[in-house]
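In this text, residue positions in the sequence shown follow our numbering: the first is 627, and each later residue adds one. Glycine included, every Cβ here is placed at the ideal spot set by N, Cα and C. To start, the structure itself, in C-alpha cells.
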Amino acid sequence: MTRLRTCLPFLAGLLSVVSTAAQAASDCQPIFDAYAAMTKAAAVKKTVKTPGMAEPVELIITSTALYSRVGAKDTWSKTPIDDQTRAMMKSGYPSPETVSDCRKIGARSLDGVAATAYEFAPAKMTGNAPGEKLTVLIADKSGLPLSETAAVAGTEARLVYDGVTVPAP
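Written out as C-alpha cells, the structure reads:
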C-alpha cells in the first residue's frame with residue numbers, strides 16, 4: 627500500500643503528460659487538414675507583410691503556376707509548377723514532420739468570416755526564427771487557412787480563395 631501511495635503522484639503526472647500530448651496532437655489535426663484543403667483550391671492569393679519591407683510580397687498559386695511580385699507597382703513573374711515544385715511546396719506546409727506544440731486558441735473572425743485560431747511551433751529546418759510560434763486562423767465553414775502570423779518575425783500573411791484573378795505576366 628505504501629508503494630502505491632508513493633507511485634500515485636508519479637502516475638498522476640504521467641497521465642497529465644499523456645493527456646496534454648494527446649490534446650496537442652488533436653489540436654494539430656485541424657491545422658494539417660486546413661493546409662491539405664488549401665492545396666486543392668483552384669487558386670490562392672497570399673499577401674505577406676514583413677517588418678522592414680516597404681511593400682508586401684504577393685503570391686498567386688494555381689495548380690500549374692506560381693505568380694509573384696513585390697508591391698503593386700511590380701510586374702508579375704510566373705514560375706511553372708511541376709511535380710517536383712509541387713512536392714517542395716507541400717513539404718513546407720504544416721505536417722506531423724514539421725509541426726509541434728499545437729494549441730487551439732479559440733474563436734476569432736477575419737473580415738466577417740468566423741474562424742478558429744491555432745498556434746503551433748514550426749520546425750527549425752523550415753527557416754523560421756528560433757522559438758517561433760505561428761498563429762493560423764482557419765475558417766470555420768470552409769476549413770481553409772485565412773491568415774498566418776509569426777510572433778517572433780512579425781510576419782503577417784493573408785490568404786484569399788474567392789475572386790482570385792490569374793495575372794498576365
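Same chain only: Cβ atoms within 8 Å of residue i, ignoring 5 sequence neighbours per side
i	result
Thr711	Leu692 and Thr705
Val792	Ala669, Ile686, Thr688, Ala691 and Tyr693
Val725	Cys654, Ile657, Phe658, Phe746, Ala747, Pro748 and Ala749
Beta-carbon gap between residue i and residue j smaller than 9 Å
i	j	result
Ala669	Thr688	yes
Thr673	Val786	yes
Gly769	Ala680	no
Ala779	Pro677	yes
Thr665	Lys699	no
Residues near residue i in its chain [Cβ-Cβ closer than 7 Å; skip 5 each side]
i	result
Leu736	Leu763, Leu772 and Ser773
Ser721	Phe658
CB-CB length for residue i against residue j, believed under 8 Å
i	j	result
Thr775	Thr761	5 Å
Straight-line Cα distance separating residue j from residue i
i	j	result
Lys730	Ala743	6 Å
Tyr719	Asp727	15 Å
Ser652	Thr701	42 Å
Gly738	Glu684	22 Å
Asp709	Pro756	31 Å
Asp766	Gly732	11 Å
Gln649	Ala667	Its pLDDT being 44, under 50, Gln649 is placed unreliably by the model, and nothing is read from it.
Arg734	Lys671	21 Å
Glu723	Ile707	23 Å
Ala794	Asp788	18 Å
Neighbourhood of residue i by C-beta distance below 6 Å, restricted to the same chain and skipping five residues each side
i	result
Ala663	Gly769 and Leu770
Lys675	Pro682 and Glu782
Ala777	Lys759
Arg784	Thr673 and Ser773
Gly697	Glu681
Arg695	Glu684 and Trp702
Beta-bridge partners of residue i, as assigned by DSSP
i	result
Ser773	Leu763 and Arg784
Thr742	Ala733 and Ile764
Thr688	Ala669
Arg695	Glu684
Ala747	Ser726
Val790	Val790 is not bridged to any residue.
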